[in-house]
Ligand SMILES: Cc1cc2nc3c(=O)[nH]c(=O)nc-3n(C[C@H](O)[C@H](O)[C@H](O)COP(=O)(O)O)c2cc1C
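Numbering (the working numbering), first residue to last: 26 to 215.
The following block contains the structure:
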């Protein structure tokens, strides 16, 4: 199969579109983040990239924590809005209903089916961006997202970002059970 080289293009996609919440001097702000990932755990840790184009970049290092909220497709317009408008020109605190969990100064979004409160553990400066590592202190999930005891991704209905096409998508169909589908191949190699 012929391949095309694309230079140093980061193609770890699709990405979940998240909304990062911060508070500075009592002012709540939300911004859209596509470059977000799980580091693992314990402790459960998440990384978000905050670019220097954003107002959030100016204060995130001084924050004791931040929230990572997963919007559903119902909130896609508001999600896009907080990603194209800056706190520098507009107060975005009223776009969503804010609630608070265990951490003071970490605003969470009522309308989002999943919200994680994160304690800032490290900020790594990489060129024009800050990689913010947050330890998850508490996770809030809408009751309607549970099927039995499990959180069903289809119920969350997250907004998936295709960074290459600049489009939002929804999660697709189930292919099969994870951690099981390789078993038949394992047996054939034994
Ligand atoms: C889909 C999408 C993904 C984005 N991903 C990021 C990101 O990963 N990191 C980032 O700093 N900005 C990202 N942005 C841009 C910020 O959300 C945007 O600059 C925002 O206006 C910053 O808000 P603030 O100035 O109030 O902090 C994204 C925007 C959109 C629409």
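Glycine included, every Cβ here is placed at the ideal spot set by N, Cα and C.
Contacting residues, own chain, Cβ-Cβ under 8 Å from residue i (five flanking each side not counted)
{"i": "residue 137", "result": "44, 94, 95, 96, 97, 100, 121"}
{"i": "residue 125", "result": "131, 132, 133"}
{"i": "residue 177", "result": "170, 171"}
{"i": "residue 182", "result": "97, 98, 99, 138, 195, 196"}
Residue i, enclosing alpha helix (DSSP H) - first and last residue
{"i": "residue 45", "result": "Looking at the DSSP string, residue 45 is not in any alpha helix (DSSP H); the run it does join, the beta strand (DSSP E), is 43 to 49."}
{"i": "residue 214", "result": "208 to 214"}
{"i": "residue 106", "result": "101 to 109"}
{"i": "residue 178", "result": "178 to 181"}
Nonlocal neighbours in the same chain, by C-beta distance under 7 Å from residue i, ignoring five residues either side
{"i": "residue 59", "result": "40, 42, 186, 188"}
{"i": "residue 117", "result": "54, 55, 107, 110"}
{"i": "residue 127", "result": "142, 162, 163"}
Inter-residue Cα distance where the pair is residue i and residue j
{"i": "residue 184", "j": "residue 104", "result": "9 Å"}
{"i": "residue 144", "j": "residue 133", "result": "13 Å"}
{"i": "residue 150", "j": "residue 210", "result": "43 Å"}
{"i": "residue 165", "j": "residue 33", "result": "36 Å"}
{"i": "residue 50", "j": "residue 205", "result": "49 Å"}
{"i": "residue 29", "j": "residue 35", "result": "14 Å"}
{"i": "residue 54", "j": "residue 46", "result": "6 Å"}
{"i": "residue 90", "j": "residue 214", "result": "48 Å"}
{"i": "residue 142", "j": "residue 160", "result": "8 Å"}
{"i": "residue 156", "j": "residue 202", "result": "33 Å"}
{"i": "residue 123", "j": "residue 175", "result": "26 Å"}
{"i": "residue 77", "j": "residue 88", "result": "16 Å"}
{"i": "residue 119", "j": "residue 52", "result": "11 Å"}
{"i": "residue 173", "j": "residue 102", "result": "30 Å"}
DSSP beta-bridge partners of residue i
{"i": "residue 142", "result": "92, 163"}
{"i": "residue 52", "result": "49"}
{"i": "residue 81", "result": "Paired residues: none, contrary to the question."}
{"i": "residue 123", "result": "134"}
{"i": "residue 156", "result": "74, 149"}
{"i": "residue 38", "result": "Paired residues: none, contrary to the question."}
{"i": "residue 115", "result": "Per DSSP, none; premise fails for residue 115."}
{"i": "residue 204", "result": "Its beta-bridge partners do not exist; DSSP assigns none."}
{"i": "residue 168", "result": "Partner(s): none; residue 168 has no beta bridge."}
{"i": "residue 192", "result": "187"}
{"i": "residue 57", "result": "44"}
First and last residue of the uninterrupted beta strand (DSSP E) at residue i
{"i": "residue 187", "result": "185 to 187"}
{"i": "residue 73", "result": "70 to 76"}
{"i": "residue 63", "result": "61 to 65"}
Close Cβ partners of residue i (< 6 Å) along its chain, the five nearest in sequence each way excluded
{"i": "residue 86", "result": "148"}
{"i": "residue 62", "result": "72"}
Check: residue i C-beta below 7 Å from any heavy atom of ligand 2
{"i": "residue 110", "result": "Within the structure as shown, ligand 2 is missing, the only ligands being ligand 1."}
(request) Would you be able to state if there are at least three C-beta pairs under 8 Å between the stretch 105 to 113 and the stretch 68 to 83? (result) At 8 Å Cβ cutoff, the stretches touch.
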